[in-house]
Amino acid sequence: MNKLIGFGITIILLVLTFFGADRYFDSKIDHTPMSFMRTYLSDRKFGNSYLLRHLAGENTITVLGSSELNSDEDTPYYPFKCFRSEELNTLRIGRGGCQSLVHAGVIAAMGEKLEDKKVMLIISPQWFTKEGIQKEAAAAFITPDIFEEVLRNKKISDESKDIFAKRTLSLFVGSEKTKKTYDTLKSIYDSYQKKGIKDKILLTAENYKSQWHYKKNMLEELQKKDTSGYKAVETNPKLPKKETMLEEAGRRAKEKGSNNMFEVEDGYFNEYMKSKLISLKNSQNDVDYSESAEYDDLLLFIKIAKEQNLNLKLISMPLHGKWSDYTGFSKEKRKTYYDNIRKLAKEENLELIDYSDHEYDPYFLKDIMHIGEKGWVYIDEEIQKFHNQ
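Counting with this note's numbering, you get residues 1336 to 1724 for the letters of the sequence shown.
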């Protein structure tokens, strides 16, 4: 009995300590401009459930993706520059390596703050390799905080929680690089499964500790950033007509991609393609996105989105037509992939914004895989439409 009382007192003191520090970090983070935080890219932001919930406002459209969200584009039509006011703003979540499983964890961890809200998932074909998400990427983004919050979310079914937890743990088992991550998440999952009072207390204490850790690191990171240019925006700039934007985007992109037949940006071509052109000819003959673990991860993401009653739209990005032809990734295989995404969206009764017919549209992509000047114009249009619905 005395041991149980001592255990309880210890846990209470730990929770109170972390809770006090937690509130302190919250107050400091809250002073950072929202327009900065919603578009700021940081692993610590993506792994911090409190911060993500804090950034989802009433008129926020959450945009989930991967490496196309990695950096601030110099195009004037980058949506995270165009939509920053409280009447319509965008929350940017994703960077290279983020795929369906990561985003399933993110939306579940954001909980009721995302319920009934508008969410767009930008789906990249490159996710659909046979193995799907890479374990190193999953380890970077599925933090103990995110993992715990998925299990604590009462809107998420036990079935979805178990699928998410087991899929995540399967990525980390048997690897020295991810052993620490595996042990931490396995301990959290074991405590969740036992569902005893002691286990719930331990889970709560671990949750505060984890959030405290990520908020502390986030604050240290933010203190090094200049956010003076990110003041509150009352009204978003009025965008020109779509035709005008496309014309300007094409002109800007052409200036940046003038030295190669693939119409990709010169810098990218010079660094990644020019010296390897001969060896890359027909190098993708064996590439096939028709079967991939990513399809099941995407279905899990959709299941969790539905359980939280999210207003979800999927965006299917194209492959680069000219480059795919050159490297031997056949039109037939590409069509099979696009058809798979269309079929999945139809079966799940979800709206799919399908850009697969832009494979050969110059400057829709800026390189062989990332959204370009013209591509962002189309996405801006869809964000505005989504907001007005």
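Built from N, CA and C at the ideal position, the CB exists for glycine as well. Keep in mind the model is a prediction, meaning the values are calculated, not measured.
The continuous alpha helix (DSSP H) containing T1503 extends over residues 1493 to 1507. Spanning the alpha carbons of L1449 and V1441 requires a straight line of approximately 10 Å. For P1653, the closest C-alpha among the options F1463, K1453, S1526, E1582 is that of F1463. In this structure the region 1415 to 1429 lies against the region 1387 to 1404, because at least three pairs of beta carbons, one per stretch, are closer than 8 Å. In the DSSP assignment, S1435 falls within the unbroken alpha helix (DSSP H) covering 1435 to 1445. Spatial neighbours of A1473 in its own chain (CB-CB distance under 6 Å, excluding positions within 5 residues in sequence) are listed in chain order as L1506. The C-alpha of A1584 lies about 8 Å from the C-alpha of T1410. Residue environment for I1613: exposed (fewer than 16 other C-beta atoms within 10 angstroms of its C-beta). About 10 Å separates the Cβ atoms of K1576 and E1716, ruling out a contact at the 8 Å cut-off.
If you draw a straight line from the Cα of A1444 to the Cα of I1481, it comes to about 6 Å.
Boundaries of the beta strand (DSSP E) harbouring D1689: 1686 to 1689, taken from the DSSP string. Residue range 1577 to 1591 is occupied by the alpha helix (DSSP H) that includes R1586. Contact check for E1598 against K1589 passes: the beta carbons are separated by less than 9 Å.
Distances from the CA of K1641 to each of S1618, F1664, E1683, T1671 were compared; the closest alpha carbon is that of E1683. Taking C-alpha positions only, V1485 is separated from K1453 by approximately 19 Å.
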